[in-house]
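Engineer: Submitted below is the structure of interest, expressed as structure tokens.
Residue numbers (the working numbering), protein chains in the order written: chain A, 103 to 453; chain B, 8 to 314.
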């Protein structure tokens, strides 16, 4: 908790006020911007989950989106007309987390001996296998409804309070995305606290030891097998919870949302922000969600003004910039945009 | 039995394409221990360049043979240039960086190439112009086409050429030396930078030829076709023992046959529960299986830290 203590109470209050004001400020640009802010926080959540696996334990996972997909589909199947089930939010989310956790262990067990780039390829393959199954499990028994996906998923509701549609609270009118915003912020704070506590715990230090040198970690008595599985399981559970919320927020899921590109985007957030450094990861997630949206709104008009027509479609330019950013950051700032002080020192020593 | 023979033939054709692409992975890995994630995208660009050149020349009335030859040549030249550029710009500055750094750069480069291809060629599927009238032959109830015969024979020739390059030329000797020990090789007067660049360029040229083959076999191409092809070819390289030239060829052919047989029989084996659209998962199952039980691959001799 060092970085929090070093800031004054006034600073924390300021952040709190900004967080409360944000959805109302964003709403001035239209509800679309509130949704973008919602997604930024959802990605903070996901990136922090992946940070446990990649940043702390040093296991390069390119199939993280599989767990996100599992969580999303568990929610979609248990709270939609597809099977006619409508279980409450608080019952499904733990189930989604648990299912994702089981999948995490399933992926972790056969890959325990693998390192570095081999692990990356296998996890990538695992992500693709999950997506192929989601795409095809509609015949002969229709489980996932194939490529069409599942629609009309219930929104989050706690007691009688629904998170979709506009409601009046204490005379303030809150839209659906604004209500989700507060739910997401609350969950994100929980995740950040868990991450902070983990980082300096016995387990967190064990993960970091494995990241630095697995053989040495084993030699000093760390049960590397269990600790690595724990990293997979915890990262996966976070992904599962995020998937459930995604499902409820969108009201619709299809295999298309869980492609390899999505895995790479989440990984980029962790890597660009600063692997293993919580404020860096948050920065990476926010930057990589909001910047592409700004591009989406900015690229079209700018081209229109310069060339008189839209030459390059904003979506492909967005991905292009993503790729270039990965290459450039690896070249010039290999520890990320906001690395932890230890990591920066290590890299400075090496060069 | 007819299905069996037919699937073996299909697998052999698909497998020889995998083998050519796998050689690109294995050469780079053997020499510098790097998975060139962007190799699949290089193959994709080869296919699309060939489509543009051949289509353009044929529309201008150039005979099919000349158009085809020029198209292949153009694809090879463009891919060699991209391979060289990739090494120079993306990987060379990172040669002494921690292992994850070049891997993430490679992912980034593959996104860049894919999106450049999308900007140049658009989002839609492109059809590959038909160069030769494909005839089918029938042997023992299984049929195969002229295109299939050409694919297998051209890739066999290319592989033979590569073996000659590696075992009979000075550059090949330099490559083998660098693969064994870069420091010592450079003390013996081998220009490491040039050898690594050559591995990228040769691998990309093989990839370009493979790209043209994929295009003429399936008759369509798309800016996203590279990633799955690349992954499978990488699996083939791992299956044969990455870094091992003969292994990549054997792995490619074997993977092609496993996939074809799997797709042909999965319906019967699961009583119709899983169909042939699960074809793509076989490669990943093979990959996970190999890495679990025999990480050095079927023909790999070295084991150790890398897997």
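Ideal Cβ placement from N, Cα and C applies to all residues, glycine included.
Any idea if residue 171 (chain B) is buried or exposed, counting beta-carbon neighbours within 10 angstroms, 16 or more meaning buried?
Structural biologist: For the purposes of this step, residue 171 (chain B) is identified with residue 164 of the second chain, where counting begins at 1. Classification for residue 171 (chain B): exposed.
Engineer: Quick one, which of A:385, A:307, A:354 and A:140 has its alpha-carbon nearest residue 159 (chain A)'s?
Structural biologist: On the first chain, residue 159 (chain A) is found 57 positions in, with the first residue counted as 1. If we check each option's Cα against that of residue 159 (chain A), A:307 comes out closest.
Engineer: Starting from the Cα of residue 149 (chain B), find the closest Cα among B:42, B:291, B:80 and B:18 and give me that residue.
Structural biologist: Start at 1 with the first residue of the second chain, and residue 149 (chain B) comes out as number 142. Closest option to residue 149 (chain B), Cα to Cα, is B:18.
Engineer: Using a Cβ cut-off of 7 Å (strictly closer), state whether residue 284 (chain B) contacts chain A.
Structural biologist: Position 277 of the second chain, counted from the first residue, corresponds to residue 284 (chain B). Chain A contact via Cβ: present.
Engineer: Could you list the residues in the segment 425-441 of chain A with a C-beta less than 7 Å from some C-beta on chain B, going in chain order?
Structural biologist: Hits within the stretch, in order: 425, 426, 428, 429, 432, 433 and 436.
Engineer: So, helix, strand or coil for residue 46 (chain B), using DSSP?
Structural biologist: Here the question's residue 46 (chain B) lines up with position 39 in the second chain. Note: residue 46 (chain B) maps to helix in three-state DSSP.
Engineer: At 9 Å on the CB atoms, spell out the chain A contacts of residue 236 (chain B), in chain order.
Structural biologist: Counted from its first residue, the second chain places residue 236 (chain B) at position 229. Under the 9 Å cutoff, chain A gives no residues; its nearest Cβ is about 13 Å from residue 236 (chain B).
Engineer: Kindly indicate the opening and closing residues of the beta strand (DSSP E) around residue 274 (chain A).
Structural biologist: Within the first chain, numbered from 1, the residue matching residue 274 (chain A) stands at position 172. Looking at the DSSP string, the run of the beta strand (DSSP E) that includes residue 274 (chain A) is 274-276.
Engineer: Given that residue 238 (chain A) touches chain B, what residues does it touch there, using C-beta distances under 7 Å?
Structural biologist: What you label residue 238 (chain A) is simply residue 136 of the first chain in a count that begins at 1. Chain B residues near residue 238 (chain A): 284 and 285.
Engineer: In chain B, what lies closer than 9 Å to residue 227 (chain A) by C-beta?
Structural biologist: As a working note, residue 227 (chain A) is residue 125 in the first chain. Those are 238, 242, 288, 290, 291, 292, 294 and 295, listed as they occur along chain B.
Engineer: Can you tell me which residues form a DSSP beta bridge with residue 187 (chain A)?
Structural biologist: Working through the first chain from its first residue, we reach residue 187 (chain A) at position 85. Per DSSP, A:182.
Engineer: With DSSP collapsed to three states, give me the class of residue 243 (chain B).
Structural biologist: As a working mapping, residue 243 (chain B) is identified with position 236 in the second chain. Reduced to three states, the DSSP call for residue 243 (chain B) is helix.
Engineer: Measuring only the C-alpha atoms, how far is residue 296 (chain A) from residue 225 (chain B)?
Structural biologist: Numbered from 1 along the first chain, position 194 holds the residue referred to as residue 296 (chain A). Numbered from 1 along the second chain, position 218 holds the residue referred to as residue 225 (chain B). Taking the straight line joining both Cα atoms gives about 51 Å.
Engineer: Could you work out which residues of chain B lie near residue 222 (chain A), taking near to mean beta carbons separated by less than 7 Å?
Structural biologist: Translated into the one-based positions of the first chain, residue 222 (chain A) becomes position 120. The answer, in chain order, is 110.
Engineer: Is DSSP giving residue 215 (chain A) helix, strand or coil here?
Structural biologist: What you label residue 215 (chain A) is simply residue 113 of the first chain in a count that begins at 1. Residue 215 (chain A): coil per DSSP, three-state reduction.
Engineer: Let me see if you follow: with CB-CB separation under 7 Å, is residue 198 (chain B) close to chain A or not?
Structural biologist: Position 191 of the second chain, counted from the first residue, corresponds to residue 198 (chain B). Chain A, which has no Cβ nearer than 7 Å to the Cβ of residue 198 (chain B), makes this no.
Engineer: For chain A, check one thing: does any of its Cβ atoms lie closer than 7 Å to the Cβ of residue 125 (chain B)?
Structural biologist: As a working note, residue 125 (chain B) is residue 118 in the second chain. Interface residue, yes.
Engineer: Going by DSSP, name the residue or residues bridged to residue 150 (chain B).
Structural biologist: Start at 1 with the first residue of the second chain, and residue 150 (chain B) comes out as number 143. B:145.
Engineer: In whole angstroms, what separates the C-alpha of residue 314 (chain B) from that of residue 215 (chain A)?
Structural biologist: Walking along the second chain from the start, residue 314 (chain B) turns up at place 307. Walking along the first chain from the start, residue 215 (chain A) turns up at place 113. For residue 314 (chain B), the pLDDT reaches just 37, beneath the cut-off of 50, and the residue's location in the model is therefore unreliable, leaving the point undetermined.
Engineer: What are the start and end residues of the alpha helix (DSSP H) that includes residue 122 (chain B)?
Structural biologist: In the second chain, the residue the question calls residue 122 (chain B) occupies position 115. Per DSSP, residue 122 (chain B) belongs to the alpha helix (DSSP H) from 107-128.
Engineer: What three-state label does DSSP hand residue 300 (chain B) in the structure shown?
Structural biologist: As a first step, residue 300 (chain B) is located in the second chain; it is residue number 293 there, counting from the start. Residue 300 (chain B) falls in the helix class under three-state DSSP.
Engineer: Extract the residue ranges of the alpha helix (DSSP H) inside the segment 380-433 of chain A, only unbroken runs of 4 or more that lie entirely within it.
Structural biologist: Listed in chain order, the complete alpha helix (DSSP H) runs (minimum 4 residues) inside the segment 380-433 of chain A are 380-409.
Engineer: By DSSP, does residue 243 (chain A) sit in helix, in strand, or in coil?
Structural biologist: Locating residue 243 (chain A) in the first chain gives position 141, counting from the first residue. In this structure, residue 243 (chain A) counts as coil in the three-state DSSP scheme.
Engineer: Which of the three DSSP states is assigned to residue 249 (chain B) in this structure?
Structural biologist: Indexing the second chain from 1 puts residue 249 (chain B) at position 242. Residue 249 (chain B): coil per DSSP, three-state reduction.
Engineer: Out of B:94, B:72, B:183 and B:64, which has the shortest C-alpha to C-alpha gap to residue 429 (chain A)?
Structural biologist: For the purposes of this step, residue 429 (chain A) is taken as the residue at position 327 of the first chain. Looking at the Cα atoms, B:94 is the closest of the given residues.
Engineer: To which residues does DSSP link residue 263 (chain A) through a beta bridge?
Structural biologist: Along the first chain, read from residue 1 onward, the residue named residue 263 (chain A) stands at position 161. BP columns for residue 263 (chain A) point to A:260.
Engineer: Which residues in chain B sit within 7 Å of residue 421 (chain A), going by Cβ to Cβ distance?
Structural biologist: Locating residue 421 (chain A) in the first chain gives position 319, counting from the first residue. In chain order: 118 and 122.
Engineer: Taking the C-alpha atoms as reference points, what is the distance between residue 311 (chain B) and residue 292 (chain B)?
Structural biologist: For the purposes of this step, residue 311 (chain B) is taken as the residue at position 304 of the second chain. For the purposes of this step, residue 292 (chain B) is taken as the residue at position 285 of the second chain. Because residue 311 (chain B) carries a pLDDT of 44, less than 50, the predicted location of this residue cannot be relied on, and the following value inherits that uncertainty. Residue 311 (chain B) and residue 292 (chain B): Cα-Cα distance of roughly 22 Å.
Engineer: With 7 Å as the threshold, decide whether the Cβ of residue 248 (chain B) is near any Cβ in chain A.
Structural biologist: Start at 1 with the first residue of the second chain, and residue 248 (chain B) comes out as number 241. Not an interface residue.
Engineer: Is there contact here, the segment 124-132 of chain B with the segment 106-115 of chain B, by at least three beta-carbon pairs under 8 Å?
Structural biologist: Segments in contact, no.
Engineer: In the segment 84-98 of chain B, which residues sit with their C-beta less than 9 Å from some C-beta in chain A, listed in chain order?
Structural biologist: Within the segment 84-98 of chain B, the residues whose Cβ lies closer than 9 Å to some Cβ of chain A are 96 and 97, listed in chain order.
Engineer: For residue 271 (chain A), which residues does DSSP report across the bridge?
Structural biologist: Here the question's residue 271 (chain A) lines up with position 169 in the first chain. Answer is A:274.
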